[in-house]
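Everything on this sheet refers to the single structure shown next.
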Ligand code: NAP
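Numbering (the working numbering), first residue to last: 1025 to 1312.
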């Protein structure tokens, strides 16, 4: 199925929403992009950068004539945006999102969309950087990246296929799975590493000798902590939206840290070597 839209409305013209707008334009898959958000300065910047063709801070105005609405706001803003969208959403207009956790946005949609719930097809592009806002956007962000679509029982197969086609036309590899499984997997591969990076940098920064420590930080520290430069609002929201799954992963990781601590205390060279070897092998087998 190919994708073409006469007008896409992007609510939240930050890194992800703006990158999708640029990618759809580059693919010749959209005639017109409308930006929407709470802040005119951000939307004006998106206009100057050629990301959106026009904009409004009023959702009712922004969605006029759009056949696809993409929600690209922080997780905890989703419910409010969906609630504003509900009364102005016309039949046949599709809504999708890019939120990093899926069960919470689905709960938001169930709470506020009423009989329009079937028009909402949830999705999550597994692509991003530690940067935010329209200036950080680029059209190639989703190429060869995975996008997970988590359809609802209320969705039509043709609507799900349209969202899949939208992501495929910007170069993404799309998979469908249920929202619970999505949140479990993403807690392990994305949410836990981000929270660990934030916590490591924060705890070192609060040590008395932090100036000294950071002066000698090199490549390993830079690689491990790059994601701690990510937007705190976005990550606060993701942490809360997927708190149950993240907590399970943290418990597991805490146990591993206790074993590691024991291996250090007992100077168990064999256990340390085996742990590092397993990790090295697993890391070398990964394809990004
Ligand atoms: P971002 O660059 O900070 O963009 C968020 C946008 O939402 C901004 O344009 C912001 O504009 C707007 N916004 C914030 N609160 C709003 C509200 N209450 N009502 C309307 N607009 C609002 O963030 P992003 O990285 O694009 O993330 C957007 C979504 O994508 C999040 O749900 C995130 O979980 C998901 N995601 C992110 C990544 C990633 O790596 N960054 C990857 C995959 C998915 P103003 O602040 O100017 O209002």
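Every residue, glycine too, gets a C-beta built ideally from N, C-alpha and C.
Fair warning: this is a prediction, and the values are worked out from it, not measured in the lab.
- Going by beta carbons, residue 1102 and residue 1113 fall outside the 8 Å limit.
- Sequence-distant partners of residue 1249 (beyond 5 residues in either direction) whose C-beta falls short of 7 Å from its own C-beta, in its chain, are 1221, 1224 and 1225.
- Residue 1135 sits in a helix when the DSSP states are folded into three classes.
- By the neighbour-count criterion, in which a residue is buried when 16 or more other Cβ atoms sit within 10 angstroms of its Cβ, residue 1271 is exposed.
- Leaving aside the five residues that flank residue 1296 on each side, the residues in its chain whose CB is nearer than 7 Å to its CB run, in chain order, 1287.
- For residue 1151, the secondary structure class from DSSP, reduced to helix, strand or coil, is coil.
- Among the bridge pairs identified by DSSP, residue 1033 is matched with 1058 and 1093.
- Relative to the Cα of residue 1125, the nearest Cα in the group 1265, 1032, 1066 and 1093 belongs to 1265.
- In this structure, residue 1195 has its beta carbon at no less than 7 Å from each heavy atom of ligand 1.
- Nearest C-alpha to residue 1267 among 1214, 1119 and 1062: 1214.
- Looking at the DSSP output, residue 1120 shares a beta bridge with 1094 and 1145.
- Under the DSSP assignment, residue 1187 falls in the alpha helix (DSSP H) whose first and last residues are 1181-1193.
- In terms of side-chain proximity, the C-beta atom of residue 1094 is found no nearer than 7 Å to any non-hydrogen atom of ligand 1.
- With 16 or more neighbouring CB atoms inside 10 Å of its own CB, residue 1269 falls in the buried class.
- Here residue 1166 is buried. Its C-beta has 16 or more other C-beta atoms within 10 Å.
- Contact check for residue 1310 against residue 1273 fails: the beta carbons are separated by 8 Å or more.
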